[in-house]
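Visitor: Residue numbers (my numbering): 7 to 400. Just so you know, even glycine gets a beta-carbon here, dropped at the ideal spot from N, CA and C. Sharing a structure below in structure tokens format, with a few things to ask.
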């Protein structure tokens, strides 16, 4: 889930709770204010009725004002909501009632004053609806502002994310720091710029170290190999000793191939080291096939070739030869005895397949370094890694 969406959801939920709570409180305040106003009006009506009674006048305006003699007096003023059925009405009408007991001219009276709540209820509903709409409009406006404002606020953050996604050690360029008006994002940009520069520097140092180590290994490997070859020429050696020296020589050759492959991989990190030109894929493919036919015949493997056309690839000629050599040699090496290798060049697509057993699992792992199928001692596990590097380079 995206950060902006999550923030929007949190804002929506919090605002929704606030919106509901505010609507309830406003509705209660409106009802209370109207009720207090009605109670003041009822108290005024009771005062007027009492004044009329003191003057000896009869007071009776049912159902709004009703005066009845009472046997006792009560200082407590009572208010209540009552329903009264009027003549000719199908349903009872709601009234707000105030009851007061007063002693007037030596006699006790009960005075009931009432006000119809029909219009007041409609007014309360209208006010509550207006308040609801006002709060909802405010909530909606804040949500929209927050939604689009968050996008603008996180603009620098997403820009930094884009730089991180585009960052590559192979380019050798660190991420450039850009100032942000938001302190947290500015700190993030500083950290990203610092870490990327540190990573690029350490990567360059590591690559240079690897190159130097591999170059330095060339000489001792060559010396050891020449010494072993000289020892093998000794006619006094027995069969067991010769076999051990041959094993040593085979492993030296494999180490040398690994060393040269690593050197090539290090060079592939920098495309400027290789001249690019227009190369015939057909011509390069025919040369590689010719170089591998003898090996295929020795293994009893048939190579079927279907070259339907030629096309020019903008690449380095030596790298194209290495790429094709690795693909064809792998197709021969990782095949069954008496199997077949099919090579098809059609349009701008080269398809190489063989009759080896089906590989289980993720085949993309074979493009990683030192990963290979089977237990072939002749495989160093870097061929397809080099192929992928060359393809990525162009």
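1. In this structure, what does DSSP give as the bridge partners for residue 75?
2. Does residue 249 come out as helix, strand or coil in the three-state DSSP assignment?
3. Does the beta-carbon distance from residue 102 to residue 41 come in below 9 Å?
4. Taking the alpha-carbon positions, what's the residue 200 to residue 236 distance?
5. Within the continuous beta strand (DSSP E) that includes residue 321, where are the two ends?
6. Along the chain, which unbroken stretches of the alpha helix (DSSP H) at least 4 residues long are found entirely within the segment 199–274?
7. Just how far apart, CA to CA, sit residue 152 and residue 19?
8. So is residue 339 buried or exposed if we call it buried at 16+ other beta carbons inside 10 Å?
9. Just checking, does the segment 310–330 make contact with the segment 284–301 on the three C-beta pairs under 8 Å criterion?
10. For residue 101, which three-state DSSP category applies?
11. Once you ignore the five residues that flank residue 396 on each side, which residues in its own chain have a CB closer than 6 Å to its CB?
12. Evaluate residue 48 with the Cβ neighbour count: other Cβ atoms within 10 Å of its Cβ, from every protein chain shown; 16 or more gives buried, anything less gives exposed.
13. Using alpha carbons as the reference points, say which of 164, 158, 210 lies closest to residue 174.
14. If you count every other CB in all the chains shown that lies within 10 Å of the CB of residue 132, and 16 or more means buried, which is it?
15. Helix, strand or coil: which one does DSSP assign to residue 42?
16. Taking only the alpha-carbon atoms, compute the straight-line gap between residue 140 and residue 120 and give it to the nearest angstrom.
17. Who are the near neighbours of residue 170 in its chain, counting only those whose CB is closer than 6 Å to its CB and skipping five residues on each side?
18. Buried or exposed for residue 182, please, with buried defined as at least 16 other CB atoms from any protein chain shown within 10 angstroms of its CB.
Guide: Let's see:
1. Answer is 115.
2. DSSP, reduced to helix, strand and coil, places residue 249 within a helical segment of the structure shown.
3. The Cβ-Cβ distance between residue 102 and residue 41 falls below 9 Å.
4. Near 54 Å, if we compare the C-alpha coordinates of residue 236 and residue 200.
5. First-last of the beta strand (DSSP E) with residue 321: 318–321.
6. Complete alpha helix (DSSP H) runs here, min 4: 245–274.
7. Residue 152 and residue 19 have their C-alpha atoms some 13 Å from each other.
8. Taking every protein chain shown into account, the CB of residue 339 has 16 or more other CB atoms within 10 angstroms, so this residue is buried.
9. Judged by Cβ distances under 8 Å, the segment 310–330 makes contact with the segment 284–301, as three or more pairs qualify.
10. In this structure, DSSP gives residue 101 an extended state, which the three-state scheme calls strand.
11. Only 325, 329 meet the Cβ criterion.
12. Burial state of residue 48 is buried, judged by a 10 Å Cβ sphere holding 16 or more other Cβ atoms.
13. The candidate whose alpha carbon is nearest that of residue 174 is 210.
14. Taking a 10 Å sphere around the C-beta of residue 132, we find fewer than 16 other C-beta atoms and assign the residue as exposed.
15. Helix.
16. Their backbone Cα atoms lie some 33 Å apart in a straight line.
17. The answer is none, since no qualifying residue turns up.
18. By the C-beta density criterion, residue 182 is exposed, having fewer than 16 other C-beta atoms within 10 angstroms.
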